[in-house]
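A.B. asks: I have a structure here, written as structure tokens, and I will follow up with some questions on it.
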Amino acid sequence: MNKYSTGRLITRATNDAAAVNEMFTDVFVSLFKDIVLIIGIIIAMFQLDTNLALIGLTAVPFIALVTYYFRSIIRRNFKLVKSLIGQINGFLAENLSGMKLVQVFNREIEKQREFKELNEKYNEATIFQIKLNSVLRPIIEMLQMNSNISDEEIVKAIDLSYSRDLINELPKGIDEPVRERGSTFSTGQRQLLSFARAIAHNPSILVLDEATANIDTKTELMIQKSIDSISKNRTTLIIAHRLSTIRQADKIIVLDKGRIMEMGNHDELLNNGRYYRELYEAQ
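If you use the working numbering, the sequence shown corresponds to residues 480 to 762, in order.
So, in structure tokens, the structure goes:
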């Protein structure tokens, strides 16, 4: 107990315990499944054609080298994140329990600065970890977001969001790697995948901010179908300038410079409203 700081002990009792639990419940199962799958694939390759199998396996050393390289970087960053979590926990435990001493010696500003620096370091390390993972994460993992959502639920979400055609056009389908910020996808494709992720997590409240902005007409129609699909049986708040996006809304609120000007559904505002009708006719 004397070897580690209070923050490190707290981290071991919470984060480390959760990591060990995940290792035994998820990692070992996936590792065993992947090993069996790889062995089965290699056996099938040699049964089909020995020469082609040997040629295909020549890429294994390169794959192993790249994997080792990324593993070493990820491992160092993981240790840094783990260390920073311990430092933050220790800082909080020490200063919250000794708050009166901090106030007596007038160290509030200095402690705030120290805490801010620790948080900035942790934020930078976490963002770097996300960048590393984005190189290796396929679409299915991006949609799952490290949750317990099954592959079947992901496939269902893809169908409901009308993303099936998009997925089928990709070289690796649902296993296509996703770069940081989805840089290899168009704006419309990123939005469709975002809708699929939202459906997969089944939120009770969904907020869509300019979901059909900066896209072509064809993609807008697909996104509109997706919005109609994912809005069923849930509260949905849609912020939009394109009125076609909100035509099916139960209640439309027209804002002008932060003020509510009109309220009602599409038909009511067309017949009785002024601002909404002018916007509708202009579009």
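C-beta: ideal position from N, C-alpha, C; glycine also.
1. Alpha carbon to alpha carbon, how far is residue 641 from residue 633?
2. DSSP three-state call for residue 765: helix, strand or coil?
3. If you run the structure through DSSP and keep just helix, strand and coil, what is residue 716?
4. Do residue 718 and residue 687 have their C-beta atoms closer together than 8 Å?
5. Can you tell me the Cβ-Cβ gap for residue 731 and residue 745, rounded? I've got them flagged as a contact below 8 Å.
6. Spatial neighbours of residue 587 within its chain, please: CB distance less than 8 Å, with the 5 preceding and 5 following residues excluded, ordered by chain position.
7. Per DSSP, which residues does residue 687 bridge with? Please list them.
8. Does DSSP classify residue 535 as helix, strand or coil?
9. Starting from the C-beta of residue 726, find all residues in its chain whose C-beta is less than 7 Å away, skip the five residues before and the five after it, and write them out in chain order.
10. Run through DSSP, which three-state label would residue 588 get?
11. Look up residue 765 in the DSSP assignment and say whether it is helix, strand or coil.
12. Measuring straight from C-alpha to C-alpha, what distance separates residue 584 and residue 544?
13. So if DSSP puts residue 743 in a beta bridge, which residue, or which two residues, is it bridged to?
14. For the alpha helix (DSSP H) that contains residue 524, what are its first and last residues?
15. Between residue 519 and residue 599, what straight-line distance do the alpha-carbon atoms span, to the nearest angstrom?
16. What distance in whole Å lies between the Cβ atoms of residue 679 and residue 628, which are believed to be in contact at a cut-off of 8 Å?
17. Count the other CB atoms within 10 Å of the CB of residue 534; is the residue buried (16 or more) or exposed (fewer)?
18. Given a cut-off of 8 Å on the beta-carbon distance, is the pair residue 715 and residue 683 in contact?
C.D. replies: Let me spell this out:
1. For the purposes of this step, residue 641 is identified with residue 162 of the sequence shown, where counting begins at 1. For the purposes of this step, residue 633 is identified with residue 154 of the sequence shown, where counting begins at 1. Answer to the nearest angstrom: the Cα atoms are 12 Å apart.
2. Outside the displayed range of the chain (480 to 762) lies residue 765, so it cannot be described from this structure.
3. The residue you call residue 716 lines up with position 237 of the sequence shown. If DSSP states are grouped into helix, strand and coil, residue 716 belongs with the strands.
4. Walking along the sequence shown from the start, residue 718 turns up at place 239. Walking along the sequence shown from the start, residue 687 turns up at place 208. The answer is yes: Cβ separation under 8 Å.
5. Your numbering for residue 731 matches position 252 in the sequence shown. Your numbering for residue 745 matches position 266 in the sequence shown. Between residue 731 and residue 745 a beta carbon distance of about 6 Å is seen, short of the 8 Å cut, so the two are scored as contacting.
6. Taking the sequence shown and counting its residues from 1, the one referred to as residue 587 is at position 108. Same-chain partners within the cutoff: 581.
7. In the sequence shown, counting from the first residue as 1, residue 687 sits at position 208. Per DSSP, 717.
8. Locating residue 535 in the sequence shown gives position 56, counting from the first residue. DSSP places residue 535 in helix when its eight states are reduced to three.
9. As a working mapping, residue 726 is identified with position 247 in the sequence shown. Only 745 meet the Cβ criterion.
10. Reading the sequence shown from its first residue, position 109 is the one you call residue 588. DSSP places residue 588 in helix when its eight states are reduced to three.
11. Nothing can be reported for residue 765, as the shown portion of the chain is limited to 480 through 762.
12. Within the sequence shown, residue 584 is the residue found at index 105, counting from 1. Within the sequence shown, residue 544 is the residue found at index 65, counting from 1. Each residue's Cα considered, the two are about 54 Å apart.
13. Residue numbering aside, residue 743 sits at position 264 when the sequence shown is read from its first letter. BP columns for residue 743 point to 731.
14. In the sequence shown, counting from the first residue as 1, residue 524 sits at position 45. Here the alpha helix (DSSP H) through residue 524 covers 507 to 527.
15. As a position in the sequence shown, residue 519 is number 40, starting the count at 1. As a position in the sequence shown, residue 599 is number 120, starting the count at 1. Cα to Cα, residue 519 sits roughly 46 Å from residue 599.
16. Start at 1 with the first residue of the sequence shown, and residue 628 comes out as number 149. Start at 1 with the first residue of the sequence shown, and residue 679 comes out as number 200. Between residue 679 and residue 628 the Cβ distance is about 5 Å, and since that is below 8 Å, they are a contact.
17. One-based indexing of the sequence shown puts residue 534 at position 55. By the neighbour-count rule (16 or more Cβ atoms within 10 Å), residue 534 is not buried but exposed.
18. Counted from its first residue, the sequence shown places residue 715 at position 236. Counted from its first residue, the sequence shown places residue 683 at position 204. Contact flag unset, no.
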